[in-house]
Amino acid sequence: MALLLCVLSFLQVSVDCYRFDGGYVEVWYQIPIHQVYVSQHDESQDTIFIQYSYRFTIYEERRQDSSSTTGVKGAHISPMQQEGHLIDYIPITLYPGIFHYFLEIKLDSGTLLSKGTIEIPSDTLIFNCSDILLGKRSSEALGFHNVPLIPLVSSEFLNYDTLFSYLEIYGLVPDSLYYTIHYLIIDSANITFIDKKESRLKYAYSQIDTFTTFCNDYIDGLYTLTVTVNDPALNTSLSRSKPFSIRSVLNNIAEMKFYYDIRYTVDPAEFKKFSMLTKHQKDIYLKQFWKDHDYSQYEKRINDADAGFSTRAFLGRNTDRGLFYIKNGPPDEIEVIPMAGWARPFEVWHYYRNGYDVLFCDIKDDGNPRFIKIFRAGELIEIIEHEYFQGDEDKEEWIFDVGPGTYDHIRKEGAEY
């Protein structure tokens, strides 16, 4: 017999709807992993595939208009994974009105149900904004709308999380260079925790505005984030609010695996100074340090580096590629050249959004590419294809490591001019 879970209290599945421009809506849902886990899965497997079906029905009472959509989705999880959530969404487009929805999700472990209401106001405002979406920072290149965040539908954050808010603004008028934005966080007793006003440069008709705050600064309880946007050119302001909660866990950030081991994210000189501090001084230093840095992201990058760059001799975190990955995050693209006619195997990491490329080369022929140099975007191609450095080749001696004999050959050619 399938277990029927009533989720109107949002204890088993969390659902929230986010309204954007033009009646576009995303219905996000969040299911705890422990509810979808089935014990008879083979725990010797690296991952298991959890598949579920859903039915989403929406009804507009005034016009007596209804629609329904069904589908099948899935995700890979570890057989031992009991924490975390399955998070996904259903996109819909609605006309102005009040809509009632019903969401049914069928898993091997049972059926989850949720219902709610979505109101789409009349499209009469030129200056408008989306609902606030709250989430956690993500190291993934693609998160929510190409922004590195993971939506947290339940809006419950743990004390070691970094809260990330996302807001889309529409209808900005270019008659002024800036718009102003005000972030206000108050608790359930109406005590102000954050009151921050900033000016932002206008660069498009619609823009995204984001804000982060470290949850370790808060005590357990309920809070409300209110964002107010003002466009001086229109002399108009608008606000959106979103409640959230903070919950402490027994294993707080100070007990996390890499809490004291910050060598992978600071430069050697800074880490040397840190190492010479007393225990009390280190505790003070680290409390401030982790307010300014995302621990979850740091640990994930270390684990990613170990998984992707480890060799028989080194853990990935201790390799040049691993260290660069941890400090700078994943590149937008990795170009791997196993063997060129003139060079040892090398990799080029492209950070398009930051405007630079990074060269790694297996100069010791041990399967562990070393860091060579950072180039402005496109510069390495100019060097390789056009030898633009002729006459200034002493500044490019690195090429001798990448292509043994190449540098001497170029110098000899240069001497003949």
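Residue numbers (the numbering used here): 13 to 429. Each residue gets a CB set at the ideal place from its N, CA and C atoms; glycine is no exception. The structure displayed is predicted, hence computed values, not measured ones.
Using a C-beta cut-off of 8 angstroms, the region 121-130 makes no contact with the region 219-234, since fewer than three inter-stretch Cβ pairs fall below that distance. In the DSSP assignment, Ile117 falls within the beta strand (DSSP E) that extends over 109-119. For the set Phe32, Gly34, Trp40, the Cα lying nearest the Cα of Val25 is the one of Trp40. Shortest Cα-Cα distance from His157 to any of Asn366, Arg333, Val370, Phe32 involves Phe32. Measuring C-alpha to C-alpha distances from Lys214 to each of Phe226, Thr204, Thr192 identifies Thr192 as the nearest. Excluding its 5 nearest sequence neighbours in each direction, Glu72 has C-beta neighbours in its own chain below 6 angstroms: Gly109, Phe111, listed in chain order. Val159 carries a strand assignment under DSSP once its states are collapsed to helix, strand and coil. One alpha carbon belongs to Lys118, the other to Tyr66, and they sit about 6 angstroms apart. No residue range can be given for Pro381, since it is assigned to no alpha helix (DSSP H) and is classified by DSSP as neither H nor E. Val261 is a Cβ neighbour of Leu170, given a cutoff of 7 angstroms.
Remark: three or more beta-carbon pairs, one from each stretch, lie closer than 8 angstroms, so the region 268-286 and the region 301-313 are flagged as touching. Counting of Cβ neighbours within 10 angstroms places Gln300 among the exposed residues, the total staying below 16. When DSSP reads this structure, Lys127 sits in a beta bridge with Phe114.
A distance below 6 angstroms between beta-carbons, with the five flanking residues on each side excluded, links Ala355 to the following residues of its chain, in chain order: Val414, Gly415. Between the alpha carbons of Phe114 and Glu38 lies a distance of about 14 angstroms.
Considering only Lys284, Asp378, Phe383, the residue with the shortest C-alpha distance to Asp369 is Phe383. Here Gly334 carries a helix assignment [DSSP, helix/strand/coil]. Among the bridge pairs identified by DSSP, His305 is matched with none. Separation of the CB atoms of Lys303 and Asp229 is rounded to 7 angstroms, and the pair is thereby assigned contact status at 8 angstroms. The bridge partners DSSP lists for Val37 are Arg31, Ile104. In this structure the region 249-260 touches the region 160-170; the number of beta carbon pairs closer than 8 angstroms is three or more. Residues Thr81, Ile102, Leu115 of the same chain have their beta carbon placed closer than 6 angstroms to that of Phe68, with the five preceding and five following residues left out of the count. By the CB criterion at 7 angstroms, Ile314 and Arg333 fall outside the cutoff. Annotation for Ser253: the continuous beta strand (DSSP E) segment containing it runs 248-259.
The Cβ atoms of Phe61 and Gly83 do not sit closer than 7 angstroms to each other. Under the three-state reduction of DSSP, Ala317 is assigned to helix.
For Ile393 and Leu179, the gap between their C-alpha atoms comes out near 39 angstroms. Between the beta-carbon of Asp344 and that of His362 there is about 5 angstroms, and that keeps the pair under the 8 angstroms contact cut. Ala281 sits in a helix when the DSSP states are folded into three classes. Put simply, the backbone Cα of Asn202 is about 31 angstroms away from that of His97.
The three-state secondary structure of Val360, taken from DSSP, is strand. Between Ile346 and Phe358, the gap from beta carbon to beta carbon reaches 7 angstroms or more. In this chain, the alpha helix (DSSP H) harbouring Phe412 covers 410-414. Restricting attention to Gln293, Phe372, Val360, Asp378, the CA atom closest to the CA of Arg324 is found in Asp378. Asp135 carries a coil assignment under DSSP once its states are collapsed to helix, strand and coil.
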